[in-house]
Amino acid sequence: MATASPVVPKPQIRQTECFIGGQWTPAKSGKTFATVNPASEEVIAEVAEGDAEDVDAAVKAARRAFEDSEWSRMDARDRGRLMHRLCDLIEEEAEELAALETLDNGKPIRDARAADLPLAIDCLRYYAGFADKIEGETIPVRGNYFTYTRQEPVGVVGQIIPWNFPILMVAWKWGPALAAGCTIVMKPAEQTPLTCLRLARLAQKAGFPDGVINIVPGYGPTAGAALVKHPDVDKIAFTGEHLTAQTIMQDASQTLKRLTFELGGKSPNIVLPDADLDAAVAGSHFGLFFNQGQCCCAGSRLFVHESIHDDFIDRLSALNTNRKLGNPLDPETEQGPQVDRNQFDKIMSFIERGKSEGATCLSGGSRHGDVGYFIEPTVFTNVEDEMAIAKDEIFGPVMSVLKFKDIDEVIERGNQTFYGLAAAVWTRDVAAAHRMADALRAGTVWVNCYDVFDAAAPFGGFKMSGQGRELGAKGLNAYLETKTVTVALD
Ligand code: NAI
Ligand code: MG
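So for the sequence shown, this note's numbering puts the first residue at 1; every next one is plus one.
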């Protein structure tokens, strides 16, 4: 007989202060903010609310560490070893970290264990291997000169991350920055600061010199903006909403900082008539509902060929009926709450828009329970391109199904958006697959799969979904400056 698996005990809260120059300190203002468990709506902990003064102290510490420290003199190979040591410590505490992530963010513990932690560790180890493989070139030039390039760290980097994959976003940001030899001031999202602070503690334990990694928790328009405007920060790496990126671009213009952005999407997920239907249904369901729909690359415009539409919908509905919502610390749970009240309200208002604009709400459409920010997995059919639910990023468990007739039409409609983060196509026809991969204007195209990520595979957006790439060698380049050295030989 199957026994219910035990609910994971709530983890200890250990780090709630700013981490600056190797010291844990309260915010200079003495202010704190509450981080909330979205499953219970209870306050988990009060966290230091950093602002401009704290950011300034953190940037100074990062500058000192960048210019004159063990870190700047450290062999590249030792830098890589230090990163591996951090990964060892994350592995030792993986279970505790997964529980902390679930508590703060609301994501099911099964996902935190199976996806967030292993992907974060893999990313950091991938970049650890890069630390001693950053090479310049020798370049033949006219005249009697010897010209070569050096790849140098960009300097002090400000990293601003969102709440949907807190640990993983730390790994995506720290990995290339540390491998390159940069120093870091990070501002975690105000909704989910706890695992970032815990990772900073592990980095301290691993032996990273003081000031290499600094964390200033706080709000975007205060701590975040102060980091973006700070004259001694060389680069900002940001993940979040495109409207925030527009503000950051303006705020960074005074100092002309290097910017990389990983923003949102309204990604077309296209099912051709010859697709393996079971695989397409399962993959499309996962590609939208994974992480409560809170994925930048969610397949939120699901285009299904009219000839298979009804069959597809029947199979999809069966998956939703069986989906287990509830306490995310229960290992059986498949869907947790949305991250906070704001996101919950935003998603519910999109559901109302969908209904009032005439789409058919096939399943879900309501709050689940009366405690916590849970929303039923919701499927809309008969969705038209102009409806809000087909145009705007909902960032929740709301699927919009659109019908199409032929490939040219679906390519055109798929590209009709200012976003360009991801796209997917389901087909057994190799030529059709490559044709779509060529025609879809998106940074990632998945064929017969969805949400397949790898630390080695670049990720980022076309159009207003981003700027630059993360992951892979391209992601490392975003943390390097090229210096050209020319030596007269006579
Ligand atoms: P956001 O872009 O405002 O927040 C992301 C990070 O930026 C947080 O750390 C926040 O404190 C910081 N931030 C906010 N304003 C800032 C400013 N003026 N200067 C510097 N940093 C600033 O996203 P938010 O408000 O949490 O969510 C709004 C919508 O954005 C979501 O509904 C979703 O559609 C989208 N989003 C997309 C994400 C992605 O992965 N691409 C992640 C999170 C949100
Ligand atoms: Mg915002």
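Note that CB positions come from ideal geometry on N, CA and C, so glycine has one too. Quick caveat: nothing in here was measured; it's all calculated off a predicted structure.
DSSP lists 375 as the beta-bridge partner residues of residue 367. In this structure, the CA atom of residue 357 is about 37 Å from the CA atom of residue 222. Bridge partners of residue 302 according to DSSP: 269 and 401. Residue 335 carries a strand assignment under DSSP once its states are collapsed to helix, strand and coil.
Spanning the alpha carbons of residue 386 and residue 180 requires a straight line of approximately 45 Å. Annotation: the continuous beta strand (DSSP E) that includes residue 183 extends over 183-187.
Taken in chain order, the unbroken stretches of alpha helix (DSSP H) that lie wholly in the segment 425-470 and span 4 residues or more are 430-439. In the three-state scheme derived from DSSP, where H, G and I count as helix and E and B as strand, residue 235 is classed as strand. The count of Cβ pairs closer than 8 Å, one atom from the segment 79-88 and one from the segment 371-381, stays below three, leaving the stretches out of contact. Using a C-beta cut-off of 8 Å, the segment 333-348 makes contact with the segment 280-292, since at least three inter-stretch Cβ pairs fall below that distance. Contact check for residue 47 against residue 25 fails: the beta carbons are separated by 9 Å or more. The Cβ atoms of residue 194 and residue 117 do not sit closer than 9 Å to each other. Distance from the C-beta of residue 192 to the nearest heavy atom of the ligand MG is not below 8 Å. DSSP assignment within the segment 156-226 yields the following whole alpha helix (DSSP H) runs of 4 residues or more, N-terminal first: 166-180 and 194-206. With a cut-off of 8 Å, the C-beta of residue 173 is classified as distant from the ligand NAI, since no heavy atom of the ligand falls inside that distance.
In this structure, residue 207 has its beta carbon at no less than 8 Å from each heavy atom of the ligand MG. When C-alpha distances from residue 347 are compared across 369, 396 and 388, the shortest belongs to 396. With contacts defined as CB atoms closer than 9 Å, residue 146 and residue 138 qualify as a contacting pair. For residue 327, the secondary structure class from DSSP, reduced to helix, strand or coil, is coil. Per DSSP, residue 32 is one residue of the beta strand (DSSP E) stretching across 32-37. According to the DSSP secondary-structure assignment, residue 294 is paired through a beta bridge with no residue.
Straight across, the Cα-Cα distance linking residue 310 with residue 400 is about 14 Å. For residue 23, the beta-bridge partners assigned by DSSP are 20.
For the pair residue 202 and residue 86, the CB atoms are nearer than the 9 Å cut-off. In this structure, residue 240 has its CB closer than 8 Å to one or more heavy atoms of the ligand NAI. Cβ neighbours of residue 359 within its own chain (closer than 8 Å, five residues either side excluded): 380, 381, 382, 383, 384, 387, 389 and 400.
The residue from 367, 371, 236 and 61 with its alpha-carbon nearest to that of residue 252 is 236. Rounded to the nearest whole angstrom, the CA to CA distance from residue 105 to residue 267 is 23 Å. Inter-segment contact for the segment 249-264 and the segment 87-94 is absent: fewer than three beta-carbon pairs are separated by less than 8 Å. DSSP places residue 256 in no alpha helix (DSSP H); its state is neither H nor E. Under the criterion of beta carbons closer than 8 Å, residue 269 and residue 315 do not qualify as touching, at roughly 15 Å. The residue from 219, 349 and 487 with its alpha-carbon nearest to that of residue 27 is 219.
With a contact defined as Cβ atoms closer than 8 Å, residue 185 and residue 141 miss out at about 38 Å. Measuring C-alpha to C-alpha distances from residue 39 to each of 286, 101 and 407 identifies 101 as the nearest.
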